[in-house]
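Some notes on the structure that comes next.
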Amino acid sequence: MSRYYTLVVVPSDHPERACEAAVELLYPLMHNPDEPTKAHNFDYMYSPEDIADLTDDITDHMWTVSKILAPEILTGLGVEAIVTPEGTWHEPMLNRPTTVLDRRIDKARQVLGEHSGRLALRHVLHT
2 MSRYYTLVVV PSDHPERACE AAVELLYPLM HNPDEPTKAH NFDYMYSPED
52 IADLTDDITD HMWTVSKILA PEILTGLGVE AIVTPEGTWH EPMLNRPTTV
102 LDRRIDKARQ VLGEHSGRLA LRHVLHT
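If you count the sequence shown from 1, you need to add 1 to reach my numbering.
Structure, rendered in structure tokens:
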């Protein structure tokens with residue numbers, strides 16, 4: 002089993018619905034026992050609310066995208082995948098060795114930059 006962080010980008014017009022909107026984007030990408038042969042990206046997840054409940058971690062797991070675009074912030078988030086509002090899965094894998102890190106940061110910044118006014122929620126996914 003492996004665990005990794007994923008950013009899910011959602012509209013910012015209703016922040017109180019952000020977690021629900023993120024889960025709606027993630028469900029089609031999650032393993033479904035009713036369709037065991039269907040391709041999936043992960044088996045189960047913890048939302049930002051779940052993380053806080055399970056760990057008593059008061060660290061913020063939700064940001065406006067424009068606030069996390071700086072390379073040093075992106076790499077500090079340890080994100081391996083990004084899901085955009087249309088439900089597309091991107092894998093810049095920002096926690097990889099520095100020999101390819103600059104290209105991955107550029108890719109992540111490009112993906113996120115198209116959604117700078119939206120919210121990004123960090124989820125923990127398990128495979």
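No residue lacks a Cβ here, since even glycine has one placed at the ideal position from N, Cα and C.
Computed from a prediction, not measured in an experiment: that's the story for all the values here.
T65, DSSP secondary structure in three states
In this structure, T65 counts as strand in the three-state DSSP scheme.
Label A40 either buried or exposed according to how many other C-beta atoms from any shown protein chain fall within 10 Å of its C-beta, with 16 as the threshold for buried.
Flag for A40 reads exposed.
Roughly how many angstroms lie between the CA atoms of R104 and R110, to the nearest whole one?
Looking at the two C-alpha atoms, the distance is approximately 10 Å.
Taking all protein chains shown into account, do 16 or more other C-beta atoms lie within 10 angstroms of the C-beta of I74, making it buried, or fewer, making it exposed?
Result: exposed.
Look at the Cβ atom of R119, then the Cβ atom of P86, and state whether they are nearer than 8 Å.
In contact: R119 and P86 (Cβ atoms closer than 8 Å).
Which residue marks the beginning of the alpha helix (DSSP H) containing L120, and which one marks its end?
Not the alpha helix (DSSP H): L120 falls in the beta strand (DSSP E), residues L120 to H127.
Exposed or buried, R4, counting other C-beta atoms within 10 Å across all chains shown (16 or more means buried)?
Counting Cβ neighbours within 10 Å, R4 comes out exposed, since fewer than 16 surround it.
What residue range does the alpha helix (DSSP H) around T7 cover?
According to the DSSP assignment, T7 belongs to no alpha helix (DSSP H) but to the beta strand (DSSP E) extending over R4 to V11.
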